[in-house]
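Residue numbers (our numbering): 3 to 317. What follows is a short report on a single structure.
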């Protein structure tokens, strides 16, 4: 993707990697709550998938309007990259829809495992798309992290359910979504990017959702439906902010934190207890992430020293 116009001075991510990583860890914990809620609504109720997806977007859109207000945020509807905003919105809708449909048939650990392909995909595409090339050491660290996931899940799902293809489609949409989010960060405010994504998703799903609408039979179901909007709003806002402070290739590997968050959610809601293999794999993933962080710090330090040397007066 070529940047056709000069960008306003962005906050350079490499200078604050720890903040970005912390934001991403919180982001994945919030999304674990969202996935768990979506799976519960898809398996324990008779609500149509379109209704659940629509309520997720509508709830988040209404929450954003209530908190920020269309009038209170000047220029909320103005974007310097309308085409990229549309593409990002479609990718978010596709990722959400495919994931919610897959969760109706697959376990949380299965969809999570497939989702762990995202960092590798992002890291490989960040170079040609964003110019954020990674060295061989960080490439190996990404692969080691992926190996840790394989150890935790122990590949071989038995008979492969066709819904695996839905989860793969969700992962691919999300990988490109991550890259476009990074691309848009210097051009548009986080509120602008988030608003367009929510508005597009709400409008596109509304006809099907209203056509297949089933009225919830309990207050709990209403609470769960509305909570998805809150989870989605907080998660995506943190996601956008994180991309202002670090390159996509640095942040993406911390998707592995979802192994911990989803395991905790699975235990609390579905009674699933992580085994020793899961804990061992999680340890490898965490070590891989810490190594990536250390390499990023070394790169920043080296760049800072080089800039200082260039700025020094010549004698």
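For glycine and all other residues, C-beta sits at the position ideal for the given N, C-alpha and C.
Between residue i and the rest of its own chain, which residues show a CB-CB distance below 6 Å, the 5 nearest in sequence each way excluded?
i           : result
residue 187 : 245, 246
residue 258 : 147, 287
May I ask you to report which of helix, strand or coil DSSP gives residue i?
i           : result
residue 135 : coil
residue 297 : helix
residue 220 : coil
residue 84  : helix
residue 49  : coil
residue 214 : coil
residue 187 : coil
residue 44  : helix
residue 108 : coil
residue 121 : helix
residue 238 : helix
residue 63  : helix
residue 273 : coil
Using the Cβ count rule (16 or more neighbours within 10 Å means buried), how would you classify residue i?
i           : result
residue 269 : exposed
residue 34  : buried
residue 221 : exposed
residue 300 : exposed
residue 30  : buried
residue 85  : exposed
residue 133 : exposed
residue 48  : exposed
Can you tell which of the options has its C-alpha closest to the C-alpha of residue i?
i           : options            : result
residue 80  : 238, 193, 231, 211 : 193
residue 92  : 214, 233, 207      : 207
residue 223 : 128, 32, 213, 57   : 57
residue 232 : 184, 21, 36        : 36
residue 185 : 47, 21, 55, 249    : 249
Quick one: what's got a C-beta closer than 8 Å to residue i's C-beta in the same chain, skipping five residues either side?
i          : result
residue 28 : 240
residue 50 : 211, 214, 215, 216
Skipping 5 residues on each side, what residues in its chain have a beta carbon closer than 7 Å to that of residue i?
i          : result
residue 52 : 207, 210, 211, 214
residue 97 : 172, 175, 176, 179
Does the beta carbon of residue i sit closer than 9 Å to a beta carbon anywhere in chain D?
i           : result
residue 220 : Absent from the structure is chain D; it holds one protein chain and no more.
Check whether the stretch 193–212 touches the stretch 63–70, counting contact only when three or more Cβ pairs, one atom from each stretch, lie closer than 8 Å.
yes
Are there three or more Cβ pairs, one per stretch, closer than 8 Å when the stretch 49–63 is compared with the stretch 271–289?
no
Meets three-Cβ-pair contact criterion under 8 Å: the stretch 108–116 and the stretch 258–278
Yes, the stretch 108–116 is in contact with the stretch 258–278.
Does the stretch 126–139 come close enough to the stretch 95–110 that 3 or more CB-CB pairs lie under 8 Å?
no
Should the stretch 225–236 be regarded as contacting the stretch 39–55, the criterion being three or more beta carbon pairs within less than 8 Å?
yes
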